[in-house]
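Peer 1:
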Amino acid sequence: MNVVIMGCGRVGAQLAALLDEDGHKVAILDVEPYSFRRLPSTFQGAALVGDGTDEDSLKRAGIEEADAFVAVTQGDNRNVMAAQIAKHIFKVPKVVCRIYDPLREEMYHTLGLETISPTTVGARLLRDVIVS
Amino acid sequence: MYIIVVGGGKVGYYLSKTLLSEGHEVLILEKDAKKCEAITEELGSVVVRGDGCEARTLADAGTERADMLIAVTNEDEDNLVACQVAKNKFKVPRTIARINNPKNEALFKKLGIDVTVSSTNLILEHIEEEVPTHPLVHLLTLKGGSLEIVEVKIPQNSSVAGKRMKEIDLPPDSVICLMIGKWGAQVPSGDTILEAEAKVIAVTRPEAEEALRAALTGS
Numbered sequence: 541m542n543v544v545i546m547g548c549g550r551v552g553a554q555l556a557a558l559l560d561e562d563g564h565k566v567a568i569l570d571v572e573p574y575s576f577r578r579l580p581s582t583f584q585g586a587a588l589v590g591d592g593t594d595e596d597s598l599k600r601a602g603i604e605e606a607d608a609f610v611a612v613t614q615g616d617n618r619n620v621m622a623a624q625i626a627k628h629i630f631k632v633p634k635v636v637c638r639i640y641d642p643l644r645e646e647m648y649h650t651l652g653l654e655t656i657s658p659t660t661v662g663a664r665l666l667r668d669v670i671v672s
Numbered sequence: 003m004y005i006i007v008v009g010g011g012k013v014g015y016y017l018s019k020t021l022l023s024e025g026h027e028v029l030i031l032e033k034d035a036k037k038c039e040a041i042t043e044e045l046g047s048v049v050v051r052g053d054g055c056e057a058r059t060l061a062d063a064g065t066e067r068a069d070m071l072i073a074v075t076n077e078d079e080d081n082l083v084a085c086q087v088a089k090n091k092f093k094v095p096r097t098i099a100r101i102n103n104p105k106n107e108a109l110f111k112k113l114g115i116d117v118t119v120s121s122t123n124l125i126l127e128h129i130e131e132e133v134p135t136h137p138l139v140h141l142l143t144l145k146g147g148s149l150e151i152v153e154v155k156i157p158q159n160s161s162v163a164g165k166r167m168k169e170i171d172l173p174p175d176s177v178i179c180l181m182i183g184k185w186g187a188q189v190p191s192g193d194t195i196l197e198a199e200a201k202v203i204a205v206t207r208p209e210a211e212e213a214l215r216a217a218l219t220g221s
């Protein structure tokens with residue numbers, strides 16, 4: 541599978557490494573080249589400096605041939621915008637977007653984006669650990 | 003009208019000031035405490051500190067009764083999200099977004115934002131107008147983007163200078179609506195003679211712009 545990831549933070553880098561290990565073709569974008577230090581030395585994919593809300597940067601990362609796009613930068617709005625570009629402009633079949641704010645997540649979910657809110661997921665996990 | 007302005011920077015401040023003076027009810031949402039304070043001092047209590055992209059802030063601001071939401075922060079993604087939340091969650095009838103990167107114009111339209119204003123394009127157009135060597139200047143793109151109004155300066159040596167309007171071969175869908183020459187502005191007829199060094203205001207299609215420029219400047 542061809543996967544484009546936007547944001548090479550802890551989650552982005554880890555996800556890129558996992559997919560790369562499984563033999564997928566991964567391209568990861570970040571505006572800050574220093575972020576790529578998080579990628580393991582064994583990483584076979586492409587690490588590109590660029591903004592995932594910019595169509596030209598996405599094209600360089602191979603968005604037109606991508607089977608999946610994941611937006612995991614620190615900014616909810618950036619993730620939402622990039623995910624909508626991937627879905628509506630480039631028609632990427634699978635688009636996933638991280639949104640910290642649960643209310644915003646709920647809305648974009650109803651608008652048809654596939655979304656994950658680590659705030660909700662994390663709080664539930666912690667509760668389960670405490671009450672079990 | 004009740005208008006919510008997201009972003010209390012320079013654009014947000016002056017926009018709100020104008021809207022208030024026109025008698026509208028205006029509420030500014032701004033994240034930065036210092037900016038909020040400054041605006042309150044100048045315009046009174048028309049500002050609430052908060053993130054205009056957050057549904058809760060918008061709910062507290064009474065967005066469900068707003069007639070319009072205008073997002074004018076420096077960040078395109080924030081303007082997009084503020085408008086989308088207003089539109090989809092609070093059913094605001096009209097949303098306007100400022101765009102900094104002109105490439106985002108088509109995307110915003112596609113995602114349901116009613117009106118976009120590209121500050122970069124506006125500045126470029128105004129500067130273009132002031133560059134004297136440029137023979138063709140955009141004045142306005144008509145709604146929908148299929149027609150535009152341009153200004154063309156007829157050079158001294160243009161091959162069409164001195165000709166009657168009806169003798170000039172213009173590209174399809176292009177019309178000269180106004181000629182501003184030595185004797186002032188006039189609406190030309192077919193027999194009006196095109197003066198050298200006059201300015202003409204024409205309607206054309208964006209794709210015919212280059213052909214129009216060539217037809218009028220004779221190069």
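Residue numbers (our numbering), protein chains in the order written: chain A, 541 to 672; chain B, 3 to 221.
For glycine and all other residues, C-beta sits at the position ideal for the given N, C-alpha and C.
Just so we're clear, the structure is a prediction, and the values are computed from it rather than from any experiment.
What in chain B is Cβ-close to residue 564 of chain A, meaning under 8 Å?
Peer 2: Neighbours of residue 564 of chain A on chain B: none; closest Cβ ~27 Å, over 8 Å.
Peer 1: Which residue wins for smallest C-alpha separation from residue 651 of chain A, given the options B/91, B/95, B/97 and B/102?
Peer 2: B/91
Peer 1: Skipping 5 residues on each side, what residues in its chain have a beta carbon closer than 6 Å to that of residue 153 of chain B?
Peer 2: Closer than 6 Å at the Cβ level, and outside the excluded window around residue 153 of chain B, lie 139, 141, 201 and 203.
Peer 1: Whose C-alpha, out of A/620, A/603 and A/669, is nearest the C-alpha of residue 653 of chain A?
Peer 2: If we check each option's Cα against that of residue 653 of chain A, A/620 comes out closest.
Peer 1: When the Cα atoms are used, what is the spatial distance from residue 21 of chain B to residue 28 of chain B?
Peer 2: 7 Å
Peer 1: So what does DSSP say about residue 14 of chain B, is it helix, strand or coil?
Peer 2: helix
Peer 1: List, in chain order, every chain B residue whose beta-carbon is nearer than 9 Å to that of residue 645 of chain A.
Peer 2: Chain B residues near residue 645 of chain A: none, gap ~10 Å exceeds 9 Å.
Peer 1: If I follow the unbroken alpha helix (DSSP H) through residue 215 of chain B, where does it start and stop?
Peer 2: 211-219
Peer 1: For the segment 92-100 of chain B against the segment 58-68 of chain B, do three or more pairs of beta-carbon atoms, one drawn from each stretch, fall closer than 8 Å, so that the two count as touching?
Peer 2: yes
Peer 1: In the DSSP assignment, the beta strand (DSSP E) including residue 584 of chain A goes from what residue to what residue?
Peer 2: According to the DSSP assignment, residue 584 of chain A belongs to no beta strand (DSSP E), since it is labelled neither H nor E.
Peer 1: Please report the straight-line C-alpha distance between residue 70 of chain B and residue 179 of chain B, rounded to a whole angstrom.
Peer 2: 34 Å
Peer 1: So, at 7 Å on beta carbons, what are the nonlocal neighbours of residue 582 of chain A in its own chain, with the 5 sequence-adjacent residues on each side left out?
Peer 2: none
Peer 1: Alpha carbons only, please: which of B/184, B/155 and B/191 is nearest the one belonging to residue 218 of chain B?
Peer 2: B/155
Peer 1: Expressed to the nearest angstrom, what Euclidean distance is found between the alpha-carbon atoms of residue 86 of chain B and residue 607 of chain A?
Peer 2: 26 Å
Peer 1: If we count the other Cβ atoms within 10 Å of its Cβ and call it buried at 16 or more, is residue 16 of chain B buried or exposed?
Peer 2: Exposed is the call here.
Peer 1: Starting from the Cα of residue 147 of chain B, find the closest Cα among B/118, B/161 and B/164 and give me that residue.
Peer 2: By alpha-carbon distance to residue 147 of chain B, the top candidate from B/118, B/161 and B/164 is B/118.
Peer 1: Is the beta carbon of residue 638 of chain A closer than 8 Å to that of residue 611 of chain A?
Peer 2: yes
Peer 1: Taking any Cβ of chain B, which residues in the segment 606-617 of chain A have a Cβ under 9 Å from it, in chain order?
Peer 2: 615, 616 and 617
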